[in-house]
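A.B. asks:
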Amino acid sequence: METQILVQESILKQETNVRITPPLAPAIVNITAIERLELTRIGKSLRKQYGTYENPEYIETLHLNAYKILPERIARQLMRMGSDFSAAQYGAVVFKGLVDVDQDALGPTPPSWRELNPEKVIEYGFISSLMHGAVPSKPVEYFAQRKGGGLMHAIIPDMNMAYSQTGSGSRTELFVHTEDAFLFNAADFLSFLYLRNEEEVPSMLYSIRSHGRPGDMLKPLFEPIYKCPKDANYSHEEAVGEGINTSILYGNPEAPFIRFDAAEQIYNQEAGQSPEALENLKTFWNEARGLIYDSFIPEAGDLIFVNNHLCAHGRNAFVAGFRNENGTMVPCERRLMLRMMSKTSLIHIQSVAHPENPYMVMEEHYGKVYPPVTTTSSIQE
Ligand SMILES: [Fe+2]
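And the structure:
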């Protein structure tokens, strides 16, 4: 018996000592033509059956559909994202060529998300939601973003917001961030489905796993001493508001999760960080910047699936509506992407959910909930 225990201990030691090469890039899954055809068929048939992916009957039974009808290879990739938080897990997977995008049927990119005809993207909503359903995770919406605005958001460069640090910006780099780093109940998973990216804007991803096992540099990030103002979708006075401090890293000390927004926590002069916090953040950012992966340029039909606790996202600056043709900038349709967010447990968000809509997160800033009658006119919808 004693020998058996000693052997087990030695195996355990060996396992913990195994050196895992830190992942520096997301896995890329090339979708086959047959799988793509199958997904197109699925999108059409679900639309026929349920009308919209917002249909309560559909969304309640999302997991059943995800496991019954998604191609198994794709479902398995997503299931792994829901349970693998190991040192080898980057936290993002690119599904290359997931859907066929009929550019003519889509028509011109509207001036902003407000003018997009939702009918044109319903089938993409079904497919995106099935991807989350396979994790399994449930699509949710955030009052803090577009006052809800539905389970899927179109992200379109808005010429009036070109220089903002938001999804509607374009002319400045959108610094890497985990989505809604100013909330305790930020999304667990994100999907970005690209319908257009003729400007060939690279997507940026940054994974906390790329640093390897947390060493001395990352340790101070576990201290709850950092502030995170609400993002650039808010007016300044409203954004800084509450004086809550949180940690950047949390969860398992050996394989931590991350909550981080470079623009708001480091570059925002009014974030109100203490000198110590700012110093730690800058030291961290110095190393993290070098680990950003930006060699993937999404094409129409590609979907990036992200664990928002492991991997931050952003994008390079670009000139919306122009593509480079042999060195000459020629006009093109502006970039168009569809984002969906999800939580793995609805139960755990009910303390901040809308009383009549369990899928609507009403958290405003670190645990503070929007009042029932809101006066949030300064939110950029
Ligand atoms: Fe984002």
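The sequence shown begins at 0 in numbering that gives the first Met the number 0 and counts up by one.
Idealized CB from N, CA, C, for every residue including glycine.
Buried or exposed, going by whether 16 or more other CB atoms sit within 10 Å of the CB of T177?
C.D. replies: Position 178 of the sequence shown, counted from the start, is the residue given in the question as residue 177. Result: buried.
A.B. asks: Do E178 and ligand 3 come close, with the Cβ less than 6 Å from some heavy atom?
C.D. replies: By its list of ligands, the structure shown excludes ligand 3, since it contains just ligand 1.
A.B. asks: What is the rounded straight-line gap between the Cα of S128 and the Cα of T171?
C.D. replies: If you number the sequence shown from 1, residue 128 lands on position 129. If you number the sequence shown from 1, residue 171 lands on position 172. Approximately 30 Å, taken between the alpha carbons.
A.B. asks: Is the segment 275 to 292 close to the segment 187 to 197, with three or more CB pairs under 8 Å?
C.D. replies: The answer is no - the segment 187 to 197 does not touch the segment 275 to 292, with fewer than three Cβ pairs under 8 Å.
A.B. asks: Suppose you measure from the CA of R334 to the CA of A24; what does that come to, to the nearest Å?
C.D. replies: As a working note, residue 334 is residue 335 in the sequence shown. As a working note, residue 24 is residue 25 in the sequence shown. If you take the alpha carbons of R334 and A24, they lie about 23 Å apart.
A.B. asks: Nearest to R113 by CA position, among S167, K137, N64, is which residue?
C.D. replies: Residue mapping note: residue 113 aligns to position 114 of the sequence shown, counting from 1. If we check each option's Cα against that of R113, S167 comes out closest.
A.B. asks: Whose C-beta lies closer than 7 Å to the C-beta of Y49 among residues of the same chain, with five residues either side of it excluded?
C.D. replies: Along the sequence shown, read from residue 1 onward, the residue named residue 49 stands at position 50. E56, Y57, listed in sequence order.
A.B. asks: Nearest-angstrom Cα distance between R18 and K146?
C.D. replies: By one-based count along the sequence shown, residue 18 stands at place 19. By one-based count along the sequence shown, residue 146 stands at place 147. Taking the straight line from one Cα to the other gives about 46 Å.
A.B. asks: When you compare the segment 272 to 279 with the segment 101 to 120, are there three or more beta-carbon pairs, one atom per stretch, that lie closer than 8 Å?
C.D. replies: Too few Cβ pairs lie closer than 8 Å, so no.
A.B. asks: When the Cα atoms are used, what is the spatial distance from L204 to K47?
C.D. replies: For the purposes of this step, residue 204 is identified with residue 205 of the sequence shown, where counting begins at 1. For the purposes of this step, residue 47 is identified with residue 48 of the sequence shown, where counting begins at 1. Distance between the alpha carbons of L204 and K47 is about 36 Å.
A.B. asks: Helix or strand or just coil, what does DSSP make of F94?
C.D. replies: Translated into positions along the sequence shown, residue 94 becomes position 95. Three-state result, F94: strand.
A.B. asks: Whose CA, out of A186, K95, E363, P252, lies closest to the CA of A299?
C.D. replies: In the sequence shown, counting from the first residue as 1, residue 299 sits at position 300. If we check each option's Cα against that of A299, K95 comes out closest.
A.B. asks: Would you report the Cα separation of Y66 and L77, rounded to the nearest angstrom?
C.D. replies: By one-based count along the sequence shown, residue 66 stands at place 67. By one-based count along the sequence shown, residue 77 stands at place 78. The straight-line gap from Cα to Cα measures roughly 11 Å.
A.B. asks: Do you know how far the Cα of H131 is from the Cα of P354?
C.D. replies: Walking along the sequence shown from the start, residue 354 turns up at place 355. Walking along the sequence shown from the start, residue 131 turns up at place 132. Taking the straight line from one Cα to the other gives about 23 Å.
A.B. asks: May I have the straight-line CA-CA distance separating V175 from Y89, to the nearest angstrom?
C.D. replies: On the sequence shown, position 176 is the one that residue 175 refers to. On the sequence shown, position 90 is the one that residue 89 refers to. About 15 Å.
A.B. asks: Do the segment 306 to 321 and the segment 115 to 126 touch if we need at least three Cβ pairs shorter than 8 Å?
C.D. replies: The segment 306 to 321, when compared against the segment 115 to 126, does not touch it at the 8 Å Cβ threshold.
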